[in-house]
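Note that the protein sequences, when read in sequence, are chains V and E. According to the working numbering, the residues represented by the first sequence are 37 to 181, in order. According to the working numbering, the residues represented by the second sequence are 37 to 181, in order. Using N, Cα and C, we set each Cβ at its ideal position, and we do this for glycine too. Just so you know, these numbers come straight off a predicted model, no measurement behind them. Here is the structure we will look at.
Number of protein chains: 2
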Amino acid sequence: MATCDQNEAEIRAIIERWSEALRVRDLDRMMASYETCVVAFDATPPLQRVGIDDYREAWRGWLATLEGPIDHELRELAICAAGAVAFSHALVHIAATQKSGRRGDVWLRWTAGWRKLDGAWLVVHEHVSAPLERETGRAVLDARP
Amino acid sequence: MATCDQNEAEIRAIIERWSEALRVRDLDRMMASYETCVVAFDATPPLQRVGIDDYREAWRGWLATLEGPIDHELRELAICAAGAVAFSHALVHIAATQKSGRRGDVWLRWTAGWRKLDGAWLVVHEHVSAPLERETGRAVLDARP
Chain V
37 MATCDQNEAE IRAIIERWSE ALRVRDLDRM MASYETCVVA FDATPPLQRV GIDDYREAWR
97 GWLATLEGPI DHELRELAIC AAGAVAFSHA LVHIAATQKS GRRGDVWLRW TAGWRKLDGA
157 WLVVHEHVSA PLERETGRAV LDARP
Chain E
37 MATCDQNEAE IRAIIERWSE ALRVRDLDRM MASYETCVVA FDATPPLQRV GIDDYREAWR
97 GWLATLEGPI DHELRELAIC AAGAVAFSHA LVHIAATQKS GRRGDVWLRW TAGWRKLDGA
157 WLVVHEHVSA PLERETGRAV LDARP
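Below, the structure is given as structure tokens:
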């Protein structure tokens, strides 16, 4: 699915810039990828966050718990675009050090819905999650692809 | 975002048929919505399932743990389509009775990526999840929208 037309190349570049912004904890540059009315299904509660201010607050809160740079790697990225609509998905490796000193290292799943608005691709929907064990209700954070 | 062009009406109708098929546990009709190479980020492990046979097995295994009809309701469904690519997302309420007699009742988040192939919309990517509490690593299944 990951062909290389112009739209997909543009989206890939935005994803790479976002990933670089996360690594250096540049919240303003991260949020530049999102549309004002973004609907986010984040890895942590609530069920959804609606609007860029609410979603920015979630990212700000999470970044505030961490120290130092963040490792962020996408695996098996697929992008599917036509006209002014696209979606993308990937497996995501995130490793970071909490202020408590604990090192976190997880694999998550990431899906995004995109619209091209005034010539620029923006994320209008994002879904990030870990799978959960049906028996225990616990999130599985140590799965490796 | 939920405008009513022809593509979005077609996708909405497929979602309604899929939901009806789930309610009566008709696995064949459920699987008719998916493309052969679907990449699924399911609510439970593994991280991803690739291909319709693998994904069908996941649904079959889950349905086999249940008895009787399944309640399935979508809330805040949004569909965004252009040309032959679309994505959709919604909050999903699922209630069902396990063979053990226990009644399950959860809200999940659902995102789908669609392609129009030979004139018919098919799901090529699906992402279903519950949010997880960062402190405990437990899935939050009782959140209400």
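Taking 8 Å as the CB-CB limit, is Glu109/E close to chain V? No, Glu109/E does not count as interfacial toward chain V.
DSSP-derived helix/strand/coil call for Gly87/V: coil
Residues near Ala38/V by beta carbon distance below 8 Å, same chain, minus five either side: Per-residue confidence for Ala38/V stands at a pLDDT of 40, beneath the threshold of 50, marking its modelled position as unreliable; the derived number appears in the next sentence. Glu44, Leu113, Ala114 and Ile115.
Report yes or no: do three or more beta-carbon pairs, one from the stretch 142-153 of chain E and one from the stretch 132-141 of chain V, lie closer than 8 Å? A contact is defined here as three or more CB-CB pairs under 8 Å, and the stretch 142-153 of chain E fails this definition with respect to the stretch 132-141 of chain V.
Looking at C-alpha atoms only, which residue of Trp146/E, Val121/E, Ala132/E and Ala179/E is the closest neighbour of Leu158/E? Selected option, being the one with the closest Cα: Val121/E.
Start-to-end residues for the alpha helix (DSSP H) that takes in Ser55/E: Gln42 to Arg59 is the extent of the alpha helix (DSSP H) around Ser55/E.
Chain V beta carbons: is any one of them nearer than 8 Å to that of Arg174/E? yes
Could you tell me whether the stretch 167-181 of chain V touches the stretch 166-177 of chain E, where touching means 3 or more Cβ pairs closer than 8 Å? yes
So, Ala132/E versus Asp107/E, is the Cβ gap smaller than 8 Å? yes
Got a sec? Which residues, its chain only, sit under 8 Å from Ile88/E by beta carbon, not counting five neighbours each side? Once the five neighbours on either side are set aside, the close Cβ partners of Ile88/E are Met67, Tyr70, Glu71, Thr72, Cys73 and Val74.
Who are the near neighbours of Val86/V in its chain, counting only those whose CB is closer than 7 Å to its CB and skipping five residues on each side? Val75
Which of the residues in the stretch 81-98 of chain E, read from start to end, lie with their CB under 7 Å from any CB of chain V? Pro81, Pro82, Leu83 and Gln84
Arg180/E: first and last residue of the uninterrupted beta strand (DSSP E) it sits in: Neither: Arg180/E is in no beta strand (DSSP E) and is coded neither H nor E.
For the ligand FMN, I want to know if Ala117/V counts as a neighbour, meaning its beta carbon is within less than 7 Å of at least one of the ligand's heavy atoms. This structure simply doesn't include the ligand FMN, nor any ligand for that matter.
Euclidean distance between Cα positions of Ser55/V and Ala57/E: 39 Å
So, Ala179/V versus Pro81/E, is the Cβ gap smaller than 8 Å? yes
Where the stretch 108-133 of chain V meets chain E: residues whose CB sits under 9 Å from a CB there: Glu112, Ala114, Cys116, Ala117, Ala118, Gly119, Ala120, Val121, Ala122, Phe123, Ser124, His125 and Leu127
So what does DSSP say about Asp64/V, is it helix, strand or coil? DSSP, reduced to helix, strand and coil, places Asp64/V within a helical segment of the structure shown.
Measure the alpha-carbon distance for Arg111/V versus Ala117/V and round it to whole angstroms. The straight-line gap from Cα to Cα measures roughly 19 Å.
For Leu58/E, decide whether its Cβ has a neighbour in chain V, counting only Cβ atoms nearer than 8 Å. no
Could you tell me if Thr93/V is buried or exposed, where buried requires 16 or more neighbouring beta carbons within 10 angstroms of its beta carbon? Looking at the sequence shown, residue 93/V is not Thr but Glu. That one is exposed.
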